[in-house]
Amino acid sequence: MDTIEIIGRLIKTIFHSEVNQFTVGVFKLYDLNEKDVTVTGYFPKFNKDLLVALSGTYQEHPRFGMQFQVAHYRRILPTDRDSIISYLKSPIFKGIGKGFAEKLVDTFGEDVLHQLKDDVTIIRRIKGWTKTKEEAIYEGLILAGESEEAMKFFTTHGLGIRNIMRLDRIYGNKVLEVVKENPYRLVEEVDGIGFITADKLALSMGFELDDPRRLRAATIMMVLNECMKTGDSYVEYSTLETQFAKEFSDHQHLFDMILDDCVRQRKIVQIDQHYFHPSQYTNEKFIATYFETYPIETLDPYYQYDLDEALAHREKRLAIHYDELQNYAIQTFFKEPITILTGGPGTGKTTVVGAMIDLFKTLYSTASVVCCAPTGRAAKRLNELTGTDSTTIHALLKWDLEANTFGKNEADPLALDCLIIDEFSMVDTWLFGNLLKACKSVKKILIVGDVDQLPSVAPGSVLRDLIDSQRFSVIALQTIYRQKEGSDVIELAHQIRENRVDLEGLTKDIRWIDCHAIEVKQLILDIIAQGLEKGYSVSDIQVLAPMYNRQAGIDALNHAVQKMVNPPVAQHNELQIGYVTFREGDKILQLKNQPNDDVYNGDIGILIEVIHAKDDERKQNRLVVDFDGRIVEYTSETFINITLAYCISIHKSQGSEYPIVILPVLNEQKIMLQRRLLYTAITRASKSLILIGEKSAFSYGLSRKDDNPRKTCLLEYLCE
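Number 742 in the working numbering belongs to position 658 of the sequence shown; there are no gaps in the numbering.
Right, here's the structure in full:
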């Protein structure tokens with residue numbers, strides 16, 4: 085079908101996405117004899133007074149009838165007096181009113197818009213001129229035209245809409261100038277654009293393979309990638325040299341020169357033979373520096389008698405008794421500005437935290453206390469166990485997904501007195517550094533975590549380094565209280581910590597099924613079926629696995645469980661995305677943070693609606709997921725953020741608990757098995773743990789301690 089151009093005004097916006105600019109609207113054609121047209125496509129929410137030319141094709145929608153699908157657009161500046169005035173006083177030009185718009189037209193005539201595009205400073209001849217008005221007109225006219233030119237340039241060179249929007253947000257009207265000069269800048273300056281994207285753009289523009297800018301960007305990305313792979317804060321010279329030779333064998337002779345350039349330009353920080361990405365280095369330094377002067381402000385002194393009386397009253401009211409160590413932890417929390425509370429499962433960490441919050445509110449009734457955790461599920465669990473409002477660290481700091489920046493920072497710190505951070509083993513250096521930057525006026529910090537669980541996914545070993553520095557009051561709870569209630573799961577966890585595992589004596593809520601890898605899938609299905617028959621829901625039963633591939637991996641088990649508990653039926657819509665079929669009723673796992681939707685990495689929900697493009701007025705495939713009452717919609721831009729959740733990785737389960745946990749442990753998984761991983765998986769079970777597989781693999785995993793502790797410099801900086 086031939087592409088045609090229509091001219092008119094967008095008189096009504098039916099739908100507009102700020103995420104990807106997809107728009108559905110009613111378009112009034114310039115030829116008034118023609119009927120209004122429904123237009124769809126990726127374009128801005130044009131002001132109704134703006135004349136626009138749209139290029140595209142007419143297509144018949146099976147449900148919504150004839151529509152014009154927009155491929156390209158261009159603005160057409162108005163040329164008659166009334167239209168120009170209406171245009172200038174529209175929201176496109178912030179702060180320009182009707183009176184000032186009339187003065188402009190009266191002074192410069194009906195060619196005023198073109199004159200302003202050529203030289204915006206002519207506005208200074210008008211009475212009532214201000215710098216703000218000049219900037220408003222500059223942005224409204226010049227930047228709009230520049231953005232359209234940039235859009236055309238980037239789409240021609242294969243850059244997607246979301247990345248184009250990121251660039252426009254960061255560089256504004258200079259985006260083309262910046263990118264044409266050096267597209268590899270994007271690797272360092274634009275979150276979400278890596279070397280592969282920038283390299284593809286640069287090579288399409290004619291950059292050479294041995295261009296030093298290309299090799300520098302690649303080296304910077306190697307440092308980042310290697311740290312993400314290992315969890316270390318830095319990369320050794322030899323590792324970096326080997327990686328460079330592997331990727332750029334034809335240019336190996338340039339390595340030392342390129343690395344020196346990166347160091348000289350502060351794109352990489354060198355300390356001896358250690359090479360840091362600047363963000364990792366500065367955050368480790370900032371954390372250490374922060375604690376040198378913390379706290380800047382303190383709470384008013386409290387009376388010990390008041391604390392003891394409030395504690396006794398709480399014990400009596402709840403019919404509980406805090407043991408000597410728990411009592412010491414509570415007393416320390418009030419005496420010290422920073423307290424670290426650690427201990428294994430069942431030792432009463434949450435009980436003690438609940439007491440600390442309650443007593444803090446009693447002694448400081450006008451002070452503010454906020455609880456947070458790295459994941460949405462961990463924050464929700466903290467709220468359920470303590471009765472105190474809790475949030476994710478990202479939400480607390482008002483994280484901006486597109487810019488990867490935080491609204492709360494050194495310039496605009498958090499206004500609170502006491503901060504409690506749970507599941508701290510999951511917190512990485514970058515996140516903790518940014519959290520502390522917003523804690524200028526925080527007077528008391530409580531850090532809670534289990535140091536034996538898996539460390540953060542991103543680089544750093546913050547909890548371990550803070551404890552090992554011996555600069556802070558650390559209380560390690562030891563007495564197992566839930567064991568007294570008969571929990572063998574808790575007992576097994578502590579046996580793992582103490583290197584004395586005896587599965588034979590643990591039979592109350594732990595079950596071991598000996599089998600080969602080929603039998604695992606069917607056994608898991610049988611166990612789930614039994615659980616469902618006993619009244620447990622799909623949400624109560626969680627399969628955890630160390631790996632994605634293999635016959636007992638996450639991908640295969642998700643497919644098998646889905647087929648059993650949510651098979652294809654006529655009344656349930658489904659959508660194939662890559663190798664995964666999403667079906668209404670499926671259990672869904674969130675893989676990435678989406679702060680605008682208040683849904684975070686690790687959250688689990690239910691897929692409640694699948695909408696096919698052929699039935700959608702926006703011409704988009706869509707998935708709608710319910711996360712405990714938060715309804716989130718996914719399109720092609722965000723499908724990558726979700727997957728099935730019948731079986732999830734042990735890392736993704738951290739911070740959560742499930743009534744029933746099923747854990748396959750096999751020799752084919754040996755590369756992943758180690759003590760911390762098994763410990764973390766086992767402690768996710770609140771009622772029942774079912775281990776399936778080969779005991780030799782289980783023993784092997786337990787024997788593998790953390791032989792390669794993460795290499796960081798935070799401990800060294802804290803001890804300086």
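We put the CB at the ideal spot given by N, CA and C, even for glycine.
Next item on the list: Note the first and the last residue of the continuous alpha helix (DSSP H) segment covering Phe-782.
Entry: Residue mapping note: residue 782 aligns to position 698 of the sequence shown, counting from 1. Taken as a continuous stretch (DSSP letters only), the alpha helix (DSSP H) holding Phe-782 covers 779-787.
Margin query: Please state the DSSP three-state secondary structure of Trp-483.
Written below: Within the sequence shown, numbered from 1, the residue matching residue 483 stands at position 399. Looking at Trp-483 - three-state DSSP - the assignment turns out to be strand.
Note to self: Quick check on DSSP: helix, strand or coil for Gly-183?
What the structure shows: Translated into the one-based positions of the sequence shown, residue 183 becomes position 99. It is helical.
Next item on the list: Identify every residue that forms a DSSP beta bridge with Ser-474.
Entry: Counting from 1 along the sequence shown, the entry for residue 474 is found at position 390. Secondary-structure assignment with DSSP links Ser-474 through a beta bridge to Cys-455.
Note to self: Tell me the rounded alpha-carbon separation between Lys-754 and Ala-640.
What the structure shows: One-based indexing of the sequence shown puts residue 754 at position 670. One-based indexing of the sequence shown puts residue 640 at position 556. Ala-640 has its alpha-carbon roughly 18 Å from the corresponding atom of Lys-754.
Next item on the list: Can you have a look at Gln-626 and say buried or exposed, based on whether 16 or more other CB atoms are within 10 angstroms of its CB?
Entry: The count along the sequence shown starts at 1 and reaches residue 626 at position 542. The residue in question, Gln-626, is buried, as its Cβ has 16 or more Cβ neighbours within 10 Å.
Notebook entry, point to check: Which of the three DSSP states, helix, strand or coil, is assigned to Val-319?
Noted result: In the sequence shown, residue 319 corresponds to position 235, counting from 1. The answer is strand: DSSP assigns Val-319 an E or B state.
Notebook entry, point to check: Quick one, which of Ser-525, Thr-470 and Asp-473 has its alpha-carbon nearest Lys-492's?
Noted result: Here residue 492 refers to the residue found at position 408 of the sequence shown. Comparing Cα-Cα distances from Lys-492 to each of Ser-525, Thr-470 and Asp-473, the minimum goes to Ser-525.
Notebook entry, point to check: From Arg-555 to Ile-531, what does the alpha carbon distance come to, in whole angstroms?
Noted result: Stepping through the sequence shown from its first residue, residue 555 is reached at position 471. Stepping through the sequence shown from its first residue, residue 531 is reached at position 447. Taken atom to atom, the span from the alpha-carbon of Arg-555 to that of Ile-531 is near 14 Å.
Notebook entry, point to check: If you count every other CB in all the chains shown that lies within 10 Å of the CB of Lys-568, and 16 or more means buried, which is it?
Noted result: In the sequence shown, residue 568 corresponds to position 484, counting from 1. Annotation note: pLDDT 47 at Lys-568 (below 50); position unreliable, no value reported.
Note to self: Restricting to Cα atoms, I'd like to know which of Leu-747, Phe-418 and Pro-128 is closest to Val-136.
What the structure shows: In the sequence shown, counting from the first residue as 1, residue 136 sits at position 52. Of the listed residues, the one whose Cα sits closest to Val-136 is Pro-128.
Check: Hey, how far is the Cα of Thr-513 from the Cα of Pro-652?
Finding: For this step, residue 513 is matched to residue 429 along the sequence shown. For this step, residue 652 is matched to residue 568 along the sequence shown. Near 44 Å, if we compare the C-alpha coordinates of Pro-652 and Thr-513.
Item checked: Sequence-distant residues of the same chain with beta carbon closer than 6 Å to Leu-270, five excluded per side -> Sequence index remark: in the sequence shown, residue 270 carries index 186 (1-based). Around Leu-270, the same chain offers Ile-277 and Ala-282 as residues with beta carbons nearer than 6 Å, after the five sequence neighbours per side are excluded.
Notebook entry, point to check: In the structure shown, what three-state DSSP assignment does Trp-213 receive?
Noted result: By 1-based counting over the sequence shown, the position of residue 213 is 129. If DSSP states are grouped into helix, strand and coil, Trp-213 belongs with coil.
Notebook entry, point to check: Since Phe-130 contacts Leu-94 with CB under 8 Å, what's their CB separation in whole angstroms?
Noted result: Against the sequence shown, residue 130 aligns to sequence position 46. Against the sequence shown, residue 94 aligns to sequence position 10. Phe-130 to Leu-94, Cβ: 4 Å. Contact.
Note to self: Taking the straight line between their C-alpha atoms, what separation do you get for Glu-804 and Ala-220?
What the structure shows: Counted from its first residue, the sequence shown places residue 804 at position 720. Counted from its first residue, the sequence shown places residue 220 at position 136. Roughly 51 Å between the two C-alpha positions.
Check: What three-state label does DSSP hand Thr-796 in the structure shown?
Finding: As a working mapping, residue 796 is identified with position 712 in the sequence shown. Correct three-state label for Thr-796: coil.
Item checked: Gln-567, DSSP secondary structure in three states -> Numbered from its first residue, the sequence shown carries residue 567 at position 483. Residue placement at Gln-567 is poorly supported in this model, since its pLDDT is 47, which falls under 50; the coordinates are not used for a value here.
Next item on the list: Per DSSP, which residues does Met-150 bridge with? Please list them.
Entry: By 1-based counting over the sequence shown, the position of residue 150 is 66. Partner residues in the beta bridge of Met-150, as assigned by DSSP, are Glu-144.
Check: In chain order, which continuous runs of the alpha helix (DSSP H) of length 4 or greater are located wholly inside the region 290-357?
Finding: Secondary structure within the region 290-357: the alpha helix (DSSP H) runs of 4 or more consecutive residues, fully enclosed, are 296-314, 321-331 and 339-348 (chain order).
Note to self: Short of 6 Å in beta carbon distance, which residues of its chain neighbour Leu-172, apart from the five on each side in sequence? Order them along the chain.
What the structure shows: Taking the sequence shown and counting its residues from 1, the one referred to as residue 172 is at position 88. Counting only Cβ-Cβ distances below 6 Å, and skipping sequence neighbours, we find Ile-180 and Ala-185.
Item checked: Own chain, CB closer than 6 Å to Gly-460, minus 5 neighbours either side, in chain order -> As a working mapping, residue 460 is identified with position 376 in the sequence shown. Excluding residues up to 5 positions away in sequence, Thr-476, Tyr-684 and Asp-687 lie with their Cβ nearer than 6 Å to the Cβ of Gly-460 in the same chain.
Checklist line | Top-ranked residue by Cα proximity to Ala-457, from Ile-304, Tyr-448, Asp-473 and Val-259 | finding: If you number the sequence shown from 1, residue 457 lands on position 373. The shortest C-alpha separation from Ala-457 is found at Asp-473.
Notebook entry, point to check: Between Leu-443 and Leu-391, which are expected to be in contact by the criterion C-beta below 8 Å, what is the C-beta distance as a whole number of angstroms?
Noted result: Translated into positions along the sequence shown, residue 443 becomes position 359. Translated into positions along the sequence shown, residue 391 becomes position 307. Yes, they are in contact, since the Cβ atoms of Leu-443 and Leu-391 sit about 7 Å apart, within 8 Å.
Notebook entry, point to check: Are there 16 or more other CB atoms within 10 angstroms of the CB of Pro-748, so buried, or fewer, so exposed?
Noted result: Indexing the sequence shown from 1 puts residue 748 at position 664. Buried, by the Cβ-count rule.
Notebook entry, point to check: Within this structure, are the beta carbons of Asn-642 and Thr-727 separated by less than 9 Å?
Noted result: In the sequence shown, residue 642 corresponds to position 558, counting from 1. In the sequence shown, residue 727 corresponds to position 643, counting from 1. Their beta carbons are under 9 Å apart, which means Asn-642 touches Thr-727 by this criterion.
Margin query: Suppose contacts are defined by Cβ-Cβ distances below 9 Å. Is Lys-676 in contact with Gly-689 by that definition?
Written below: The residue you call residue 676 lines up with position 592 of the sequence shown. The residue you call residue 689 lines up with position 605 of the sequence shown. Lys-676 is not a Cβ neighbour of Gly-689, given a cutoff of 9 Å.
Next item on the list: With a 10 Å radius around its C-beta and 16 neighbouring C-beta atoms as the bar for buried, classify Thr-796 as buried or exposed.
Entry: Locating residue 796 in the sequence shown gives position 712, counting from the first residue. Taking a 10 Å sphere around the C-beta of Thr-796, we find 16 or more other C-beta atoms and assign the residue as buried.
Notebook entry, point to check: Can you give the Cα-Cα distance for Thr-122 and Val-154, rounded to whole angstroms?
Noted result: Translated into positions along the sequence shown, residue 122 becomes position 38. Translated into positions along the sequence shown, residue 154 becomes position 70. Answer to the nearest angstrom: the Cα atoms are 10 Å apart.
Note to self: If I measure Cβ to Cβ from Gln-105 and keep anything under 6 Å in the same chain, skipping five residues before and after, which residues do I get?
What the structure shows: Taking the sequence shown and counting its residues from 1, one reaches residue 105 at position 21. The residues are Tyr-126.
Check: Can you give the Cα-Cα distance for Gly-589 and Ser-571, rounded to whole angstroms?
Finding: Start at 1 with the first residue of the sequence shown, and residue 589 comes out as number 505. Start at 1 with the first residue of the sequence shown, and residue 571 comes out as number 487. Straight-line spacing of the CA atoms in Gly-589 and Ser-571 works out to 12 Å.
Item checked: Given His-145 as reference, the closest of Leu-773, Asn-725 and Asp-700 once Cα atoms are compared -> Stepping through the sequence shown from its first residue, residue 145 is reached at position 61. Ranking Leu-773, Asn-725 and Asp-700 by CA distance to the CA of His-145 puts Asp-700 first.
Note to self: Tell me which residues share the same chain as Asp-386 and place their Cβ nearer than 8 Å to its Cβ, disregarding the 5 neighbours each side in the sequence.
What the structure shows: Looking up residue 386 in the sequence shown gives position 302. Contrary to the premise, residue 386 reads as Tyr rather than Asp in this sequence. The residues Phe-418, Leu-447 and Tyr-448, in chain order, have a CB closer than 8 Å to that of Tyr-386 in the same chain once the five nearest residues on each side in sequence are set aside.
Notebook entry, point to check: Arg-209 to Phe-177, Cα distance in whole Å?
Noted result: In the sequence shown, residue 209 corresponds to position 125, counting from 1. In the sequence shown, residue 177 corresponds to position 93, counting from 1. When the Cα atoms are used, Arg-209 and Phe-177 turn out to be separated by approximately 18 Å.
Margin query: If you measure between the beta carbons of Arg-33 and Glu-194, is that distance less than 9 Å?
Written below: One cannot answer for residue 33 here, as it falls past the ends of the chain, which runs 85 to 804.
Checklist line | Under 9 Å between C-beta atoms of Pro-679 and His-478 | finding: The count along the sequence shown starts at 1 and reaches residue 679 at position 595. The count along the sequence shown starts at 1 and reaches residue 478 at position 394. Yes. Within cutoff.
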